[in-house]
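In our numbering, the protein residues as written are 47 to 288.
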């Protein structure tokens with residue numbers, strides 16, 4: 047989808063509409079920089095290991111000594127499939143067939159789990175994709191009349207350009223809308239210091255509290271800014287840089 051939009055939008059829609067080298071450079075250079083960053087973040091999200099439980103990891107001895115021996119197996123998180131203890135925020139992925147540290151979700155678009163190591167790349171990917179598609183859509187609106195109605199010496203060329211413009215416009219609107227919803231949700235989760243899985247689990251916790259169970263404070267919160275720094279790094283200017 048990304049390749050299709052990048053090629054058709056530039057080759058058959060924008061390039062014939064922009065007649066001078068200056069116009070083409072001014073319009074298409076930012077677009078191609080966005081596309082390059084988009085592919086870079088996508089590659090890193092796909093290829094970066096999301097994080098796995100270290101070999102032979104066990105809960106700290108101090109914690110084991112504090113717990114009654116007859117309740118260890120019920121209080122400690124243990125993966126029956128992998129036969130390992132699970133550190134906090136770790137979940138087993140049935141698609142990857144292993145436990146993933148700070149697992150957020152399994153993403154079919156990157157064919158990989160989103161976890162501790164590649165969550166920043168995933169977030170940069172969807173933000174860069176949304177910004178790039180929004181910019182492309184803005185270019186389309188700026189040159190819509192020229193794309194659709196400017197006289198062409200070859201009717202076939204005008205028809206191809208118009209069809210590509212309409213298809214790309216619909217796809218760009220859908221992509222921008224869906225990515226905007228996804229980004230808003232992940233910004234909310236990151237600001238709360240929680241993953242997608244933990245957000246769903248919190249709903250169950252709130253239901254249990256209403257049933258009379260004691261409320262347990264979520265321990266992985268450093269405040270709004272602290273939550274972002276923990277994931278994206280200390281310098282906000284570099285949050286979109288890999």
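Glycine included, every Cβ here is placed at the ideal spot set by N, Cα and C.
Does the contact criterion of 3 or more C-beta pairs under 8 Å hold for the segment 244–251 versus the segment 270–280? no
Is the distance from the Cβ of residue 174 to the Cβ of residue 83 below 8 Å? Looking up residue 174 in the chain shown gives position 128. Looking up residue 83 in the chain shown gives position 37. Against a cut-off of 8 Å, the Cβ pair of residue 83 and residue 174 comes out as a contact.
Measuring straight from C-alpha to C-alpha, what distance separates residue 71 and residue 182? Here residue 71 refers to the residue found at position 25 when the chain shown is read from its first residue. Here residue 182 refers to the residue found at position 136 when the chain shown is read from its first residue. Taking the straight line joining both Cα atoms gives about 14 Å.
First and last residue of the beta strand (DSSP E) that includes residue 146? Taking the chain shown and counting its residues from 1, the one referred to as residue 146 is at position 100. Residue 146 -> beta strand (DSSP E) spans 144–146.
On the CB-based measure, 16 or more other CB atoms within 10 Å of its CB, does residue 55 come out buried or exposed? Numbered from 1 along the chain shown, position 9 holds the residue referred to as residue 55. Residue 55 is buried by the Cβ-count criterion.
Determine the direct distance from the alpha carbon of residue 180 to that of residue 221, and round the result to whole angstroms. Translated into positions along the chain shown, residue 221 becomes position 175. Translated into positions along the chain shown, residue 180 becomes position 134. Cα to Cα, the separation comes out at about 9 Å.
Residues near residue 163 by beta carbon distance below 8 Å, same chain, minus five either side: Mapped onto the chain shown, residue 163 falls at position 117. Once the five neighbours on either side are set aside, the close Cβ partners of residue 163 are 94, 95, 96, 97 and 147.
Can you tell me the Cβ-Cβ gap for residue 150 and residue 243, rounded? I've got them flagged as a contact below 8 Å. To locate residue 150, count along the chain shown from 1; it is residue 104. To locate residue 243, count along the chain shown from 1; it is residue 197. With a Cβ gap of about 7 Å, residue 150 and residue 243 count as contacting.
Rounded to whole angstroms, what's the CA-CA distance from residue 141 to residue 152? Just pull it up for me. Here residue 141 refers to the residue found at position 95 when the chain shown is read from its first residue. Here residue 152 refers to the residue found at position 106 when the chain shown is read from its first residue. Distance between the alpha carbons of residue 141 and residue 152 is about 8 Å.
Answer with buried or exposed for residue 166, where buried requires no fewer than 16 other C-beta atoms within 10 angstroms of its C-beta. Along the chain shown, read from residue 1 onward, the residue named residue 166 stands at position 120. Buried, by the Cβ-count rule.
From 158, 214 and 286, pick the residue whose C-alpha is nearest to that of residue 59; which is it? By 1-based counting over the chain shown, the position of residue 59 is 13. Checking every option, the nearest Cα to that of residue 59 belongs to 214.
Mind checking who residue 78 pairs with in its DSSP beta bridge? Stepping through the chain shown from its first residue, residue 78 is reached at position 32. Residue 78 is not bridged to any residue.
Looking only at its own chain, which residues have a Cβ that is under 6 Å from the Cβ of residue 285, when we skip the five neighbours before and after it? The sequence position of residue 285 within the chain shown is 239, counting from 1. Hits under 6 Å: 278.
Our contact map puts residue 288 next to residue 90 with C-beta atoms below 8 Å; I'd like the distance itself, whole angstroms only. As a working note, residue 288 is residue 242 in the chain shown. As a working note, residue 90 is residue 44 in the chain shown. Between residue 90 and residue 288 the Cβ distance is about 6 Å, and since that is below 8 Å, they are a contact.
Just to confirm my understanding: we take residue 229, look at its own chain, exclude 5 residues before and 5 after, and list those with CB closer than 7 Å. What are they? Here residue 229 corresponds to residue number 183 of the chain shown, with the count starting at 1. Excluding positions up to five away in sequence, the list reads 172, 173 and 176.
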